[in-house]
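Structure first, commentary second.
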């Protein structure tokens, strides 16, 4: 593994292609025999630092259409938090189900799960039938894993019946020294970014692109008013950038003055600090308060000059969904991709049906959407949002930060990269965009 690291750091592609693949590598795992370790505990009391382990694991064989990638850096997404606290179900049920579809998929059904759905690194080995990628290519990976043996997936690959999220519903994920991916997950690494910066946009950038920009999502247009929950967070920060980049007007909802300032630095002007204005959408755990929905809607109109949101960018779920349905404009769209505050949503359907609003479910992105989102990063039009970076052996601490929302933007993880700041090959472009790249650093 040290030889692989040295060849990458020396940018010696020829040497890398001649190296043998290690029989094992270090990866962050959860263990099947610990799936009940948090039973009976409240979600917030469950500690990822206790369930995430740094283990030596066997290197999987590389099948046709696959690539083994030497991972220089990765990042934390909320699906790693879910995996680590075994909610809403243990991911070993996903691996077992996947393992039944073919002998190759059986490789994923193991008593440990190597997690992680982001990476930036270098192709180490490719399987048979791969022509677009070769050892030495610097890449990032999106997290859509599809089989494409059924017709449903050939219009939009997200509709493939065997669609899965790599590193969450499959094994051999990106929080490791090596990762196994399908080669249709690979995209060119943005040359002006470091390894940890390039690794961080993948899942959230692609998710926000489909959810907000794509015709499969809200199909945002110029002039739209877009309400964005958690606008400085890992997902919301990309939605804010897409809205500004696409001629829309973001209304950024945050929970502190520090987060409001981040949104201003991105270029947003209309900001609601929930903590400062004291919105309480639930009067008790079972009862919502429509008066607070109305007060929230009035505040939005004050900021926009009377306009209601054309689009509500939803991902908190239970806590905010009733308010989201209420404040969307007549004929507007609530587009949701997650439920980090709870999966069971409640809303007053009268405000939906009588005002002809739409709820759209959006999940990750297809290859084209992920590629287009990554291209915007490579062009310097969308910037990474890394605020802090941990070494691989402190992944549990990084996941705990995300679990308790004590982070901003994205939390990166160094894998084979020995330190931050490596991997840049276009210094001129980097200098042009340095302020945007570092916007979240140290916050």
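In my numbering, the protein residues as written are 97 to 539. All C-beta atoms in this analysis are idealised placements derived from N, C-alpha and C, irrespective of residue type, glycine included.
In the three-state reduction of the DSSP assignment, residue 145 falls in the helix class, which pools H, G and I. In the same chain as residue 158, and ignoring 5 residues on each side of it, the C-beta atoms closer than 6 Å to its own belong to 164, 221 and 223, in chain order. In this model, residue 343 and residue 318 are separated by some 4 Å (Cα to Cα). Under the three-state reduction of DSSP, residue 308 is assigned to helix.
Residue 496 counts as buried, since no fewer than 16 other beta carbons sit within 10 angstroms of its beta carbon. Counting C-beta atoms within 10 angstroms of its own C-beta, residue 260 has 16 or more neighbours from the protein chains shown and is therefore classed as buried. For the set 377, 426, 395 and 450, the Cα lying nearest the Cα of residue 417 is the one of 377. Here residue 384 carries a strand assignment [DSSP, helix/strand/coil].
Under the 8 Å Cβ criterion, the stretch 463 to 476 does not count as touching the stretch 434 to 445, having fewer than three qualifying pairs. Annotation for residue 458: no alpha helix (DSSP H) segment contains it, and DSSP assigns it neither H nor E. Where residue 371 is concerned, the enclosing alpha helix (DSSP H) starts and stops at 370 to 373.
The Cβ neighbour count for residue 450, taken over all protein chains shown within 10 Å, is under 16; the residue is labelled exposed. CA-CA distance, residue 366 to residue 190, rounds to 41 Å.
In the DSSP assignment, residue 209 falls within the beta strand (DSSP E) that extends over 208 to 210. Residue 439 carries a coil assignment under DSSP once its states are collapsed to helix, strand and coil. Annotation: the continuous alpha helix (DSSP H) that includes residue 360 extends over 353 to 362. The secondary-structure analysis by DSSP pairs residue 272 across a beta bridge with 123. With distances taken between CA atoms, residue 306 lies nearest to 431 out of 431, 539 and 170.
Residue 512 carries a coil assignment under DSSP once its states are collapsed to helix, strand and coil. Ranked by how close their Cα comes to the Cα of residue 127, the residues 110, 151, 364 and 135 have 151 in first place. In this structure, 423 is the residue among 388, 227, 423 and 407 with its C-alpha nearest to the C-alpha of residue 397. The beta carbon of residue 167 sits closer than 7 Å to those of 215, 217, 270, 272, 273, 274, 275, 511 and 512, all from its chain and outside the five residues before and after it, given in chain order.
DSSP assignment within the stretch 141 to 203 yields the following whole alpha helix (DSSP H) runs of 4 residues or more, N-terminal first: 144 to 147, 174 to 181 and 188 to 195. Going by DSSP, residue 526 is part of the alpha helix (DSSP H) stretching over 523 to 533. The stretch 239 to 255 and the stretch 114 to 126 do not touch, with fewer than 3 CB-CB distances between them shorter than 8 Å.
It is roughly 17 Å from the alpha-carbon of residue 309 to the alpha-carbon of residue 348.
Here the alpha carbons of residue 132 and residue 188 stand approximately 12 Å from one another.
Beta-bridge annotation (DSSP): residue 324 is paired with 348 and 409.
Distance from residue 298 to residue 237 at the Cβ level is roughly 7 Å; contact confirmed, criterion being Cβ atoms closer than 8 Å. Taking a cut-off of 8 Å on C-beta distances, the stretch 481 to 500 touches the stretch 136 to 147, as three or more cross pairs fall below it.
Secondary structure at residue 234: strand, using DSSP grouped into helix, strand and coil.
Shown here for residue 336: same chain residues with a beta carbon closer than 7 Å to its own, the five before and five after excluded, namely 324, 327, 346, 348, 359, 362 and 364 in chain order.
Residues of the same chain with a CB within less than 8 Å of the CB of residue 414, apart from the 5 flanking positions on each side, are 435, 437, 438, 439, 440, 441 and 442 in chain order. With 16 or more other CB atoms across the displayed protein chains lying within 10 angstroms of its CB, residue 213 is buried.
Taking C-beta separations shorter than 6 Å and ignoring five residues to either side along the sequence, the partners of residue 255 in its chain run 248 and 249, following chain order.
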